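Numbering (the working numbering), first residue to last: 8 to 254.
Cβ atoms here follow ideal geometry from the backbone N, Cα and C, with glycine treated the same way.
Since the model is a prediction, treat every value here as computed from it, not as a measurement.
Notes for the one structure printed next.
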Amino acid sequence: MKTLYVIHHSPWSERARWALLHHELAFVEREHVPLVGELSLRFRTKAKGKATVPLLVDADGTTVQGSLAIAEHADQRGSRPTLFPPGKAAEIKTLFDDFEECLNAARERFVRDLLNDRDAQLESLPSLLRRLPFAAMSARIGTSFVRSKYDATKGSIDERIRAGLERVRDLVGKKKYVLGEFSFADILCASVVQTVDPVSDKWLVLPPATRRLWTDTSVAKDYADIVSWRDRIYEAHRPRVATKAAG
Ligand SMILES: N[C@@H](CCC(=O)N[C@@H](CS)C(=O)NCC(=O)O)C(=O)O
8 MKTLYVIHHS PWSERARWAL LHHELAFVER EHVPLVGELS LRFRTKAKGK
58 ATVPLLVDAD GTTVQGSLAI AEHADQRGSR PTLFPPGKAA EIKTLFDDFE
108 ECLNAARERF VRDLLNDRDA QLESLPSLLR RLPFAAMSAR IGTSFVRSKY
158 DATKGSIDER IRAGLERVRD LVGKKKYVLG EFSFADILCA SVVQTVDPVS
208 DKWLVLPPAT RRLWTDTSVA KDYADIVSWR DRIYEAHRPR VATKAAG
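What follows is the structure, given as structure tokens:
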């Protein structure tokens, strides 16, 4: 059985989950807890650089790190329609690279806001840890760790997120699909929308304070057209396997 290590609410993790679900590949999800899980994550990935989730560990022990690599891996093993149409892999890779700036900015905003939100801090811990004394403090230490790991200090967060959303608008326009048929490019664009307007619990269950931290209504209202597009693409292509909240 495959194991997908995730941060359940992270847009990167949702991309990997969607690719595996699309190809109907069986897997179990395990929640990664920043700082607490750092050592075991490093051990699993044997990473020289940053160890991050999503991380897929295949039944034979093969590890695949990162949402793009996991989607490619799923595509090679699955028998459902490809997520990488012939001749489009390079275009999808460019899109993936370009969207990193937007998702990094959204992570910076999430981590910044998490430091001041006790409910969301508790939601970020597995239920066992949540009951311990100093639980919120542990979550804050974990949050500071993620902040330093990703150098969450540069640039205007809003502008970087809006740039990603503008790009999605250019790509989607009035089209149904970015590349003329459903592909990983659509999953990438949907993950950008997730940074300001998380998709309904029908597909991805987010605890309330976590959902609040991912929501930016003032930006989302400027992009209502692509939020609607995202809702349609989920309705049409995201298998409805509501994942459980952490813990
Ligand atoms: N480019 C990677 C980025 C993954 C990433 O940044 N993951 C963050 C998600 S917030 C992470 O693992 N954070 C937890 C940690 O570093 O402990 C991908 O596509 O998967």
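Are residue i and residue j touching if we call contact CB-CB under 8 Å?
i    : j    : result
W19  : R245 : no
L220 : D124 : yes
R175 : V199 : In the sequence as displayed, the identity of residue 175 is Val instead of Arg. Yes; because the gap between Cβ atoms is below 8 Å, this pair is in contact.
I233 : L172 : yes
T222 : H16  : no
Using CA atoms only, rank isn't needed, just tell me which of the options is closest to residue i.
i    : options               : result
L27  : L11, A54, L136        : L11
A23  : A112, L129, A78, H29  : A78
P215 : K156, G56, S131       : S131
D165 : F103, T224, K55, R49  : T224
D65  : H80, A54, P140        : H80
A192 : A231, D208, V153, I99 : I99
Among all the DSSP beta bridges, which residues are the ones paired with residue i?
i   : result
L11 : E36, L63
T69 : Answer is none; T69 lacks a bridge partner.
For residue i, does the three-state DSSP call read helix, strand or coil?
i    : result
V175 : helix
L220 : helix
L132 : coil
L195 : helix
L48  : helix
L90  : coil
T258 : Because the chain is modelled from 8 through 254, residue 258 falls outside the range shown and cannot be assessed.
H30  : coil
R116 : helix
H16  : coil
T185 : Just to set this straight, residue 185 is Val in the shown sequence, not Thr. Of the three classes helix, strand and coil, the one that applies to V185 here is coil, per DSSP.
A54  : coil
L102 : helix
S163 : coil
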